[in-house]
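K.L.:
For the sequence shown, full-length UniProt numbering assigns the number 1 to the initial residue and increments by one for each residue that follows.
We put the beta carbon where it would ideally sit given N, CA and C, even for glycine.
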Amino acid sequence: MSYEHPLAYLIGIEGAALLRAFTGEHDREFVEARLADVRALLADDKLANGVEVTQLAPREGYARWAAAYDSGENAAFADEPHLATILDTIPPGRALDAACGTGRLTRLLVERGHQVIAVDGSPEMLSHARADETLVADLRELPVDDGSQDVVLCGLALAHVPDLAPVIAEFARVLVPGGHLVLSDVHPEQVQRGSIPSVRTADGAPARVRTNHHRVGDYVRAFLNSGLTPVSCQEPTPAPVEPRHVPGGGPWDLWPWSLNGLIPDALAAAAKDVPSMLIWHCRKAA
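Next comes the structure, spelled out in structure tokens:
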């Protein structure tokens with residue numbers, strides 16, 4: 001169980017903005033405005049209450065999210081153009097979509113002529129996927145033969161595993177020599193700022209899908225220890241979006257996004273040039 005308080009998020013973003021000012025990015029007027037914001041936030045009775053939040057295992061969390069996963073606007077799906085560009089450079093072959101979810105990236109592989117096995121730990125998510133073969137499996141024990149895949153694709157999943165090493169080692173095991181590993185995930189900077197999936201438990205209580213903070217170096221070490229060489233690493237930044245003002249910060253289900261409109265100037269400063277995602281392309285030694 002964790003405890004989420006709107007003031008904790010809002011003052012945290014103000015603090016991030018103030019740290020950037022402390023290192024020379026902003027002037028005295030900006031600093032005084034941020035401090036005034038903090039005082040006003042602390043005095044706002046509408047922001048006085050926090051929320052107890054259950055931490056769900058990924059399998060349970062995604063089972064609850066499966067029906068609505070592809071509906072509405074999901075900013076994380078901005079990885080698709082970056083992944084498509086990498087996949088365009090790889091010849092058709094045998095491909096594994098690991099942690100395929102509802103199969104949104106399986107489509108990218110199929111469109112490029114790959115023969116696709118789609119694997120996910122959630123039967124509920126996997127039921128929406130369309131591939132040559134679908135399998136329920138854990139990423140640490142893939143039901144795929146050694147050296148049988150030309151491509152392994154994994155999108156928005158590895159932040160949910162506690163240790164990258166055994167999963168990356170499995171990806172390397174199933175790749176042919178010279179095979180390609182293509183990954184995307186939410187950037188660790190965004191995970192630290194609350195970019196974590198929210199769901200509701202069976203009784204309607206607030207819950208988050210358990211998410212871990214893997215640094216860029218954690219990925220690099222896992223790749224190198226598994227015989228994979230990074231070809232490229234992209235850290236795209238999101239286009240600036242004017243946060244929408246929601247009186248009182250909105251319901252918990254919309255946190256932290258609905259809180260951003262209460263601190264637009266601090267948010268703009270704190271978020272400037274902060275990456276939204278990590279996009280990796282690696283190759284296994286030939």
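#1: Between the segment 180-199 and the segment 251-267, do at least 3 Cβ pairs fall closer than 8 Å?
#2: Among Ser276, His5, Ala202, Asp37, which one has its Cα closest to the Cα of Ala48?
#3: Return the bridge partner residues of Cys282 from the DSSP annotation.
#4: For the beta strand (DSSP E) holding Val152, just list the boundary residues, first then last.
#5: Is it the case that the Cβ atoms of residue 288 and His214 are separated by a distance below 8 Å?
#6: Please report how far the alpha carbon of Val152 lies from the alpha carbon of His82, in whole angstroms.
#7: Could you check whether Met125 and Gln55 sit closer than 8 Å to each other, using their CB atoms as the reference points?
#8: Can you tell me where the beta strand (DSSP E) holding Leu158 begins and where it ends?
#9: Taking 8 Å as the threshold, find out whether the segment 57-67 comes into contact with the segment 12-27 through three or more Cβ pairs.
#10: Buried or exposed for Val116, going by 16 or more other Cβ atoms inside 10 Å?
#11: What residue ranges within the segment 18-101 form continuous beta strand (DSSP E) runs of no fewer than 3 residues, ordered along the chain?
#12: With distances taken Cα to Cα, identify the nearest neighbour of Leu224 among Val209, Gly101, Arg200, Pro166.
#13: In terms of residue numbering, what span does the alpha helix (DSSP H) encompassing Ile263 cover?
#14: Just the C-alpha distance for Pro123 and Asp138, rounded to the nearest angstrom, thanks.
#15: List the endpoints of the continuous beta strand (DSSP E) containing residue 287.
#16: Need the endpoints of the beta strand (DSSP E) that Val191 sits in, please.
#17: Write down the C-beta distance between Leu135 and Glu170 rounded to the nearest angstrom, noting that I regard them as a contact closer than 8 Å.
#18: Under a Cβ-count criterion, where at least 16 other Cβ atoms within 10 Å of its own Cβ denotes burial, should Glu242 be classed as buried or exposed?
#19: Does the Cβ of Arg39 have 16 or more other Cβ atoms within 10 Å, making it buried, or fewer, making it exposed?
#20: Going by DSSP, what residue range makes up the alpha helix (DSSP H) through Pro218?
#21: Taking Cβ positions, are Leu156 and Asp79 nearer each other than 8 Å?
#22: Name the two residues that bound the continuous beta strand (DSSP E) containing Thr106.
P.N.:
Based on what the coordinates show:
#1: Yes, since at least three Cβ pairs between the segment 180-199 and the segment 251-267 fall closer than 8 Å, the two stretches touch.
#2: Position 48 of the sequence shown holds residue 48. Residue His5 holds the alpha-carbon nearest to the alpha-carbon of Ala48 among Ser276, His5, Ala202, Asp37.
#3: By 1-based counting over the sequence shown, the position of residue 282 is 282. Leu181, Pro230.
#4: Position 152 of the sequence shown, counted from the start, is the residue given in the question as residue 152. Element bounds for Val152: 149-155.
#5: An answer regarding residue 288 cannot be provided, because it is not within the stretch 1 to 286 covered by the chain.
#6: For the purposes of this step, residue 152 is identified with residue 152 of the sequence shown, where counting begins at 1. For the purposes of this step, residue 82 is identified with residue 82 of the sequence shown, where counting begins at 1. Going by C-alpha positions, Val152 is about 15 Å away from His82.
#7: The count along the sequence shown starts at 1 and reaches residue 55 at position 55. The count along the sequence shown starts at 1 and reaches residue 125 at position 125. Contact: no.
#8: For the purposes of this step, residue 158 is identified with residue 158 of the sequence shown, where counting begins at 1. Per DSSP, Leu158 belongs to no beta strand (DSSP E) and is neither H nor E.
#9: Judged by Cβ distances under 8 Å, the segment 57-67 makes no contact with the segment 12-27, as fewer than three pairs qualify.
#10: Start at 1 with the first residue of the sequence shown, and residue 116 comes out as number 116. Around the beta-carbon of Val116, 16 or more other beta-carbon atoms lie within 10 Å, marking it buried.
#11: If we require 3 residues or more, the beta strand (DSSP E) runs fully inside the segment 18-101 come out as 51-56, 94-98.
#12: The residue you call residue 224 lines up with position 224 of the sequence shown. If we check each option's Cα against that of Leu224, Pro166 comes out closest.
#13: Counting from 1 along the sequence shown, the entry for residue 263 is found at position 263. Neither: Ile263 is in no alpha helix (DSSP H) and is coded neither H nor E.
#14: Indexing the sequence shown from 1 puts residue 123 at position 123. Indexing the sequence shown from 1 puts residue 138 at position 138. Between Pro123 and Asp138, the C-alpha separation is close to 11 Å.
#15: Missing from the structure shown is residue 287; the chain here goes from 1 to 286 and no further.
#16: The sequence position of residue 191 within the sequence shown is 191, counting from 1. No beta strand (DSSP E) contains Val191, which is instead part of the alpha helix (DSSP H) from 188-192.
#17: For the purposes of this step, residue 135 is taken as the residue at position 135 of the sequence shown. For the purposes of this step, residue 170 is taken as the residue at position 170 of the sequence shown. Not quite, the Cβ-Cβ distance comes to about 13 Å (not below 8 Å), so this is no contact.
#18: Along the sequence shown, read from residue 1 onward, the residue named residue 242 stands at position 242. That one is exposed.
#19: Numbered from 1 along the sequence shown, position 39 holds the residue referred to as residue 39. It is exposed - the Cβ of Arg39 has fewer than 16 other Cβ atoms within 10 Å.
#20: Here residue 218 is taken as the residue at index 218 of the sequence shown, counted from 1. According to the sequence provided, residue 218 is Asp. The question's Pro does not apply to it. Where Asp218 is concerned, the enclosing alpha helix (DSSP H) stretches over 216-225.
#21: Here residue 156 is taken as the residue at index 156 of the sequence shown, counted from 1. Here residue 79 is taken as the residue at index 79 of the sequence shown, counted from 1. Yes, the pair counts as a contact, with Cβ atoms nearer than the cut-off.
#22: Here residue 106 refers to the residue found at position 106 of the sequence shown. Premise fails: Thr106 lies in the alpha helix (DSSP H), 106-111, not in any beta strand (DSSP E).
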